[in-house]
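**Q**
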């Protein structure tokens, strides 16, 4: 008899847990997600950093302190096994005032306690050697070479694809309505798509983890949304070589200036605490974006003209009561594991959280896990035309001419790339086709023109491959359809 | 690698590229035409309204009709072309040889060419570039994107529409939406005057569409799809006036906030760009600062009329012919066209005095009863009105140009 596991939430945390648990023969793993695709919650919009692990006070936040550095080390292996786009370029925490060095020393000590290797405080001269265009008044920095950057949604997608290849079942557009508990034992989850039986329920529901926990009768914590806003600029605008942080304040790591993995200068986030019921408010605000601009300028004075922006966006971090990750098997409800409040450094910690949950299942739930004889650690990245050499293009085109046709001119994404993305959407069970699903897999629509030429082409490819009319294709799931019908729908008086 | 060889490669199969390819072929040159769409014609096949060809063909055509005439010529003349072909790189091998690397469903190719005519058109400014904040939801389209959806693919984007910007494309889309039964609730224009041609501004009256001049859309809100937009009034310095904000409920926002010449492949090889036009700096044969690369249409400067675009394409073809015949454009003591009072942009930038020239120019602000003055050559043209929305096209004769020593200033005076 296999133990049935239901993981609620297919973000970076739920996906990582699913991947780790897919290694075991005696588990049947279900990954449950309310959105149309994976990674669309907290994982979608953040600073995309693999943090160093010096920032989390081990006395106040022991879970964060332990899992961040462990996650950082695991990512080195995961990005290679799963071919996740990444760069290990290190971070500089910049000191602008003499007093800042006191804080940098505290960070250095904390990093030493947390086991972060290779950190050191560098002087002005070395800082300008590493980062010639940083604020000329900078006095020095804390240099953390182990920091890296990844694509967060590509990472979730890669992990889920690998988990599915290893037998995990994904249930998309499946919203949890209740958790069935009998005699203090979890029995399964009620969803809009029916009942899913489970012996173990893992709550990785991000911003909604408090609500899910409450459904199981456990309500000792709350999750508050904390908004962070970002600017991302057109290609060709010079950004820093490393991830640049200001010296942190007690509330936030501060506004980061970075060249993200696609080569665009990105600045953000600010930190604005929202009321508890604003968990879907990812709107950008002028005040917030202004604040980000101002603060970024303090370490990177040469920001481009405003109209060189290609996108502004906002994300929400799930701030838990107490501030530390809540990762534990709840004693009152046998089989219910909370993985809640996974705020920063959640992306970094995710692989380590996967193993932590595995240990909890063995240690606290007393289930002896048996490794599969054949477990595939590898997943191949989708074809990216922009990474191909001309000879490779010709080989691919011979097999499928679609690889020779560019759909997204800004990021050089071919029709073949898009068709591969659609195949992979279907592989993990995406039922409602959306432009965003293609964007996160291929980078199409995310360049200079923001899809004003290629979105329509992608819509038509999605419509064809999913066998639906183009107006039913969505931007980002149900309710965001591209059109209201064919072009004569209003004249026929048929639109609602 | 597949290698090809041509006299001229024309990049872009819109009106500029079509006219250039046809003319170059008529000159007896060996021409290859490349376009990235599934069909030739560029943006024209989706411009199903009339108003095209009044100057060029002396009759009023729709976009598809205008395009069809040229495409037919391309076919009649048996000009080689690829569709679904995207140029990835131009290499400036030498002053006499260029390499155009492109990819298509037939594979990746390198074309060796003596001259290139670059006619890739423009792209539209999007919502982020004009500083709109709020929710990133469905229902926000650029005008051209909405036009493609409606008139190529037959999709109705929405039913309650706000148009951002009163340029020609926005106004034409206001009419398109109204004709298909949508409610166009407002056209919002930042400037104190409309951005489109007078004949297109008439659309607003014909369809009872409110135009808000000196207003700007600052925020979009909606859960999955646009639900409302926030509009604010601006003063004469385009600064927002506090307390004038109001919301308009709608499900669709059409961004028509201007076009930007697409010149990335040219800037990659160091072609000089004029910040005023966003397009390359050119001489009176529309040759860029890189020998043998000519440019025409909206990648040269944003035009109002397709007729002028075709005219530029033909001139670029003439330039390519001269270039190939002479192994380069003969050296000249070029006369610089300078921008004087109220001239925002003027093309071409350098004149030889060896040939007649059409000057394409735009003013900064509207003025009435003016004189367009070229002081160095003593040429004056009276105009009842000049508007930024309406491009000036002025013919200067070679004899006049030759009167200037090193520059000709173009200015608008009362």
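Residue numbers (the numbering used here), protein chains in the order written: chain E, 46 to 541; chain A, 33 to 446.
Every residue, glycine too, gets a C-beta built ideally from N, C-alpha and C.
Looking at the secondary structure, which residues open and close the beta strand (DSSP E) in which residue 284 (chain A) lies?
**A** Mapped onto the second chain, residue 284 (chain A) falls at position 252. Its beta strand (DSSP E) spans residues 284-287.
**Q** Quick one: is residue 283 (chain E) near chain A, going by C-beta distance under 7 Å?
**A** If you number the first chain from 1, residue 283 (chain E) lands on position 238. Not one chain A Cβ lies under 7 Å of residue 283 (chain E).
**Q** Using a beta-carbon distance below 7 Å, is residue 200 (chain A) in contact with chain E?
**A** For the purposes of this step, residue 200 (chain A) is taken as residue 168 along the second chain, with counting starting at 1. Answer no: the Cβ-Cβ gap between residue 200 (chain A) and chain E never drops below 7 Å.
**Q** Tell me which same chain residues have a C-beta within less than 6 Å of the C-beta of residue 518 (chain E), skipping the five on either side of it?
**A** Along the first chain, read from residue 1 onward, the residue named residue 518 (chain E) stands at position 473. The residues are 478, 504, 507, 508, 527.
**Q** Among A:168, A:424, A:434, which has the Cα closest to the Cα of residue 444 (chain A)?
**A** Taking the first residue of the second chain as 1, we reach residue 444 (chain A) at position 412. The shortest Cα separation from residue 444 (chain A) among A:168, A:424, A:434 belongs to A:424.
**Q** Verify whether the separation of the beta carbon atoms of residue 375 (chain A) and residue 426 (chain A) is less than 7 Å.
**A** Along the second chain, one-based indexing puts residue 375 (chain A) at 343. Along the second chain, one-based indexing puts residue 426 (chain A) at 394. Cβ distance not < 7 Å, so residue 375 (chain A) and residue 426 (chain A) don't count as in contact.
**Q** Provide the residue span of the alpha helix (DSSP H) that contains residue 206 (chain E), from first to last.
**A** The sequence position of residue 206 (chain E) within the first chain is 161, counting from 1. It spans 197-210 - the alpha helix (DSSP H) in which residue 206 (chain E) sits, taken as one unbroken run.
**Q** Compute the distance between the beta-carbons of residue 249 (chain E) and residue 54 (chain E), then report whether it is under 7 Å.
**A** Position 204 of the first chain, counted from the start, is the residue given in the question as residue 249 (chain E). Position 9 of the first chain, counted from the start, is the residue given in the question as residue 54 (chain E). Yes; because the gap between Cβ atoms is below 7 Å, this pair is in contact.
**Q** Which complete beta strand (DSSP E) runs does the segment 387-424 of chain A hold, if anything under 3 residues is left out?
**A** Within the segment 387-424 of chain A, the complete beta strand (DSSP E) runs of at least 3 residues are 389-395, 399-406, 411-418.
**Q** Looking at residue 68 (chain E) and residue 417 (chain E), is the spacing between their C-beta atoms short of 7 Å?
**A** Residue numbering aside, residue 417 (chain E) sits at position 372 when the first chain is read from its first letter. Residue numbering aside, residue 68 (chain E) sits at position 23 when the first chain is read from its first letter. Cβ distance < 7 Å, so residue 417 (chain E) and residue 68 (chain E) count as in contact.
**Q** Comparing C-alpha positions only, which one of E:79, E:60, E:49 sits nearest to residue 71 (chain E)?
**A** Within the first chain, numbered from 1, the residue matching residue 71 (chain E) stands at position 26. Minimum Cα distance to residue 71 (chain E) is reached at E:49.
**Q** At the 7 Å Cβ level, is residue 516 (chain E) part of the contact set with chain A, yes or no?
**A** For this step, residue 516 (chain E) is matched to residue 471 along the first chain. Answer yes: the Cβ-Cβ gap between residue 516 (chain E) and chain A drops below 7 Å somewhere.
**Q** For the beta strand (DSSP E) that contains residue 484 (chain E), what are its first and last residues?
**A** Sequence index remark: in the first chain, residue 484 (chain E) carries index 439 (1-based). Careful: residue 484 (chain E) lies outside any beta strand (DSSP E), inside the alpha helix (DSSP H) at 480-487.
**Q** Rank A:107, A:264, A:191, A:272 by C-alpha distance to the C-alpha of residue 278 (chain A) and give the top, closest one.
**A** Position 246 of the second chain holds residue 278 (chain A). Checking every option, the nearest Cα to that of residue 278 (chain A) belongs to A:264.
**Q** So, is the C-beta of residue 435 (chain E) closer than 7 Å to a C-beta in chain A?
**A** The residue labelled residue 435 (chain E) in the question sits at position 390 within the first chain. True, the Cβ-Cβ gap to chain A drops below 7 Å.
**Q** Taking buried to mean at least 16 other C-beta atoms within 10 Å of its own C-beta, is residue 417 (chain A) buried or exposed?
**A** By 1-based counting over the second chain, the position of residue 417 (chain A) is 385. Flag for residue 417 (chain A) reads exposed.
**Q** How about residue 312 (chain A): is its C-beta nearer than 7 Å to some C-beta of chain E?
**A** Stepping through the second chain from its first residue, residue 312 (chain A) is reached at position 280. With 7 Å as the cut-off, residue 312 (chain A) does not count as an interface residue toward chain E.
**Q** Please list the partners that residue 505 (chain E) has in chain A, where partner means a Cβ-to-Cβ separation under 9 Å.
**A** Position 460 of the first chain holds residue 505 (chain E). The contacting residues are 185.
**Q** Below 8 Å on the Cβ atoms is my contact criterion, and I expect residue 328 (chain E) with residue 101 (chain A) to pass it. Report the Cβ-Cβ distance as a whole number of Å.
**A** Walking along the first chain from the start, residue 328 (chain E) turns up at place 283. Walking along the second chain from the start, residue 101 (chain A) turns up at place 69. Rounded, the Cβ-Cβ distance is 48 Å, inconsistent with contact.
**Q** Out of curiosity, what's the CA-to-CA distance linking residue 430 (chain E) and residue 499 (chain E)?
**A** Taking the first chain and counting its residues from 1, one reaches residue 430 (chain E) at position 385. Taking the first chain and counting its residues from 1, one reaches residue 499 (chain E) at position 454. For residue 430 (chain E) and residue 499 (chain E), the distance between alpha carbons rounds to 15 Å.
**Q** Pick out whichever of E:388, E:254, E:352, E:309 has its Cα sitting closest to the Cα of residue 318 (chain E).
**A** Position 273 of the first chain, counting from 1, holds the residue named residue 318 (chain E). Out of E:388, E:254, E:352, E:309, E:388 has the C-alpha closest to the C-alpha of residue 318 (chain E).
**Q** Fully enclosed by the segment 182-243 of chain A, which beta strand (DSSP E) runs are 3 residues long or longer?
**A** 192-196, 215-220, all fully within the segment 182-243 of chain A.
**Q** Looking at the structure shown, is residue 400 (chain E) part of a helix, part of a strand, or coil, going by DSSP?
**A** Sequence index remark: in the first chain, residue 400 (chain E) carries index 355 (1-based). Residue 400 (chain E): helix per DSSP, three-state reduction.
**Q** Cβ closer than 8 Å: which chain E residues qualify as neighbours of residue 160 (chain A)?
**A** One-based indexing of the second chain puts residue 160 (chain A) at position 128. Under the 8 Å cutoff, chain E gives 354, 355, 356, 357, 495.
**Q** Could you give the C-beta distance for residue 36 (chain A) and residue 143 (chain A), rounded to a whole number, given that I count them as a contact under 8 Å?
**A** Here residue 36 (chain A) corresponds to residue number 4 of the second chain, with the count starting at 1. Here residue 143 (chain A) corresponds to residue number 111 of the second chain, with the count starting at 1. 4 Å between Cβ atoms; contact.
**Q** Check each residue of the segment 165-192 of chain A: if its Cβ is closer than 7 Å to any Cβ of chain E, include it; give the result in chain order.
**A** Taking 7 Å as the Cβ-Cβ cut-off against chain E, the residues of the segment 165-192 of chain A that qualify are 165, 166, 167, 168, 169, 170, 174, 176, 177, 180, 181, 182, 185, 186, 187, 188, 189, 190, 191.
**Q** Can you look up residue 240 (chain E) in the DSSP assignment and give me helix, strand or coil?
**A** Start at 1 with the first residue of the first chain, and residue 240 (chain E) comes out as number 195. Here residue 240 (chain E) sits in strand by DSSP.
**Q** Can we say the segment 88-99 of chain E touches the segment 368-378 of chain E, given the rule of at least three CB pairs closer than 8 Å?
**A** They do not touch, by the three-pair rule.
**Q** Would you mind telling me which residues of chain E sit closer than 7 Å to residue 135 (chain A), beta carbon to beta carbon, in chain order?
**A** Along the second chain, one-based indexing puts residue 135 (chain A) at 103. Under the 7 Å cutoff, chain E gives 438, 449, 451.
**Q** With a threshold of 6 Å on Cβ separation, who are the neighbours of residue 82 (chain A) within its own chain once the five nearest residues in sequence on each side are excluded?
**A** Counting from one through the second chain, the residue named residue 82 (chain A) turns up at place 50. If we look at residue 82 (chain A) and ignore the five residues flanking it on each side, its Cβ neighbours are 92, 94.
**Q** Could you give the C-beta distance for residue 63 (chain A) and residue 112 (chain A), rounded to a whole number, given that I count them as a contact under 8 Å?
**A** Taking the second chain and counting its residues from 1, one reaches residue 63 (chain A) at position 31. Taking the second chain and counting its residues from 1, one reaches residue 112 (chain A) at position 80. Right, the Cβ-Cβ distance comes to about 7 Å (below 8 Å), so this counts as a contact.
**Q** Residue 73 (chain A) CB to nearest chain E CB: under 7 Å?
**A** The residue you call residue 73 (chain A) lines up with position 41 of the second chain. For residue 73 (chain A), the answer is no, since every Cβ of chain E falls outside 7 Å of its Cβ.
**Q** In whole angstroms, what separates the C-alpha of residue 410 (chain E) from that of residue 230 (chain E)?
**A** On the first chain, residue 410 (chain E) is found 365 positions in, with the first residue counted as 1. On the first chain, residue 230 (chain E) is found 185 positions in, with the first residue counted as 1. Answer to the nearest angstrom: the Cα atoms are 11 Å apart.
**Q** Tell me the start and end of each unbroken beta strand (DSSP E) in the segment 91-152 of chain A that is at least 3 residues and wholly inside, in chain order.
**A** Within the segment 91-152 of chain A, the complete beta strand (DSSP E) runs of at least 3 residues are 112-114, 118-123, 130-136, 139-150.
**Q** Can you tell me whether residue 188 (chain E) is helix, strand or coil according to DSSP?
**A** Against the first chain, residue 188 (chain E) aligns to sequence position 143. Strand at residue 188 (chain E).
**Q** What residues in its chain sit with their C-beta under 6 Å from that of residue 371 (chain A), if we drop five residues either side in the sequence?
**A** Against the second chain, residue 371 (chain A) aligns to sequence position 339. 378.
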